[in-house]
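Visitor: Below you'll find the structure I mean.
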Amino acid sequence: MADFTGSSNWTVSSSSIEKLVGKSIDTILNFSPLTLYFLGHQKKWSGSQMRFPIKYATNSQGMSFDGLEKFSTTKTNNFVYMTFNPTGRQIPVVISQIEADVNAAGRVVDVVARQMAADAQDMASDIATLFYTAQTSKNFLSILDGVDDSTNVTNYGGLSRSTYTGIQGNYTASIGNLTLANMATDFNNSTHGADSPNLLVCDKTVWNYYEALLTPTLSNQVVNNALLGYSSFLGASKNGLPNIAAPGSNLKGYQGFNAIFYRGVPMVADEVAPSGNLFMLNTRTWGFYGLPSTDEGYKPVKFQSESLDSVYNLPVTTGFSWSGFQRPIDQYGKVGHIVLLGNLICDNPRLNARMLGITGS
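Next comes the structure, spelled out in structure tokens:
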């Protein structure tokens, strides 16, 4: 391919104006639809802590009687609290003011708006990774924390899962080949009454494994029109193209799926989901509880940019705050911070499942 920017073709390059396309392309971030769901359907944080009362035991004082037996008057306390604290995540937005000045003189792309959008989307990508990583230090809680049976995460919401077994998720390791039978087992274990998982999330490879399970169940039917006959190949025409006689509609073949379901529940491929994992989630039990900043210098913000084509687009402002730009005393530039406060919480882990170690179908 000819390169008209070098000295060997200087006549062309010096007599033509280069065109800068007015949209930058993101080629690095992986897409997490589950992260966008959580961030796009945030719930509001209230109080210094979020406390969820759970029933962990039954009242065992019931009795049968057929006369004047004394009834039990023993009081039982069957409830305890799961307690969650807020935490935060930030990312800086750093602008060289001389670059902004030059950009303003001949703007095609607003470099300040683009940088703010890019950093906000990088922050969303960081959060997606955290949502699939068991919490350490000050990080947000994750799906792995919520859907565990104490194998890896022994405490949740300040409670021991070995003591309060009702807050254990359904965790199945070393699945090997994915089958409809092992999917049914975890789905059934996560179903209680009318509550069952309503979203299945996995990596692309596991999505393909499930698609492979469905493919043999397809039935393809070719109908022959008795009057017109089948389409037929008659050889190549004069121009070298295939010559197909098709008195009726041409036969067509289809293979593969662009959307798949299990028991009426959609399965989505998440590029950030850990390899070999399939999560069965009841989204009613999940929420990212966003905590708005009350600092007068921080304002709620939504970052969208027509100049940046990316897999992420932050849809809401809840929990996200922007400090505004601050100018250092010894640099010609400006710095601001995007902040997200809150935490990802599952209030009923037993309605969710995690299958891992999936290697085929």
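In numbering that gives the first Met the number 0, the protein residues as written are 0 to 360.
Glycine residues also receive a C-beta, built at the ideal position from the N, C-alpha and C atoms.
These figures come from a predicted structure and were not determined experimentally.
#1: From the DSSP output, in three-state form, read off T34 for me.
#2: Which partner residues does W285 have in the DSSP bridge list?
#3: Compare the Cα-Cα distances from I166 to each of N351, G275, I337, Q41 and report the closest residue.
#4: Give the C-beta separation of E270 and S95 to the nearest angstrom, bearing in mind that I take them to be a contact with Cβ-Cβ under 8 Å.
#5: Return the bridge partner residues of V392 from the DSSP annotation.
#6: Enumerate in chain order the residues of its own chain whose CB-to-CB distance from L37 is below 6 Å, with the five nearest sequence positions on each side excluded.
#7: What separation, rounded to the nearest whole angstrom, lies between the Cα atoms of S45 and P85?
#8: Compare the Cα-Cα distances from F130 to each of Q330, T284, N342 and report the closest residue.
#9: Just to confirm, are V205 and N138 a CB contact at a threshold of 8 Å?
#10: Once the 5 residues before and after Y261 are set aside, which same chain residues still bring their CB inside 7 Å of it?
#11: For the alpha helix (DSSP H) that R113 lies in, which residues bound it at each end?
#12: Opposite D194 in the DSSP bridges: which residues?
#13: Closer than 8 Å by C-beta to H191: which residues in its own chain qualify, once you throw out the five before and the five after it? Chain order, please.
#14: Mapping DSSP to helix, strand and coil, what is M182?
#15: Can you name the residues that DSSP bridges to A352?
#16: Spatial neighbours of G175 within its chain, please: CB distance less than 8 Å, with the 5 preceding and 5 following residues excluded, ordered by chain position.
#17: Buried or exposed, going by whether 16 or more other CB atoms sit within 10 Å of the CB of L67?
#18: Please work out which residues of its chain come closer than 7 Å, Cβ to Cβ, to I97, disregarding the five sequence neighbours upstream and downstream, and give them in chain order.
#19: Please classify G156 as buried or exposed, where buried requires at least 16 neighbouring CB atoms within 10 angstroms.
#20: Measuring only the C-alpha atoms, how far is W282 from H40?
#21: Sort I328, P291, G296 by Cα distance to R88 and report the nearest one.
#22: Please identify the residue among F78, G335, L143, Q134 whose C-alpha is closest to the C-alpha of A272.
#23: Contact check, P215 vs M279 under 8 Å by CB: the rounded distance?
#24: As a quick exercise: from I90, V152, D346, pick the residue whose alpha carbon is nearest that of S320.
#25: Compute the Euclidean distance between the alpha carbons of E210 and V264, then round it to the nearest angstrom.
#26: Quick one: give me the first and last residue of the alpha helix (DSSP H) that G145 is part of.
#27: Can you have a look at S47 and say buried or exposed, based on whether 16 or more other CB atoms are within 10 angstroms of its CB?
#28: Can you find the residues in the same chain that come closer than 6 Å, C-beta to C-beta, to K203, ignoring five residues on each side of it along the sequence?
#29: Give the DSSP bridge partners of L339, in chain order.
#30: Measuring CB to CB, does T141 end up less than 8 Å from N169?
#31: Based on DSSP bridge pairs, tell me the residues matched to G359.
#32: In the DSSP assignment, find the unbroken beta strand (DSSP E) run with L259 in it and report its ends.
#33: Here's the rule: buried if 16 or more other CB atoms are within 10 angstroms of the residue's CB, otherwise exposed. What is F186?
#34: Near S71, what residues of its chain come up, given a Cβ to Cβ distance below 7 Å and the 5 sequence neighbours on each side ignored?
#35: Rounded to whole angstroms, what is the Cα-Cα separation between L340 and S124?
#36: Checking the sheet assignment: what are the DSSP bridge partners for I53?
Guide: Short version:
#1: helix
#2: C345
#3: N351
#4: At roughly 32 Å, the Cβ-Cβ gap does not stay under 8 Å, so E270 and S95 are not in contact.
#5: The chain is shown from 0 up to 360; residue 392 falls before or after that span and cannot be answered.
#6: Note that residue 37 corresponds to Phe in the displayed sequence, not to Leu. Taken in chain order, the residues that qualify are F287.
#7: 10 Å
#8: N342
#9: no
#10: M182, L199
#11: 110-130
#12: H191
#13: R349, L350
#14: helix
#15: N169, M279
#16: G356, I357, T358, G359
#17: exposed
#18: Y331
#19: buried
#20: With the sequence shown as reference, residue 282 is identified as Thr, and Trp is not the correct amino acid for it. Spanning the two alpha carbons is a distance of roughly 10 Å.
#21: P291
#22: L143
#23: That pair is no contact at about 23 Å.
#24: I90
#25: 14 Å
#26: 142-145
#27: exposed
#28: A268
#29: R88, F319
#30: Position check: residue 141 holds Ser in this sequence, whereas Thr was assumed. No.
#31: N176
#32: First, the residue type needs correcting, since residue 259 is Ile and not Leu in the sequence shown. That run of the beta strand (DSSP E) goes 259-261.
#33: buried
#34: Q60, M62
#35: 16 Å
#36: V79
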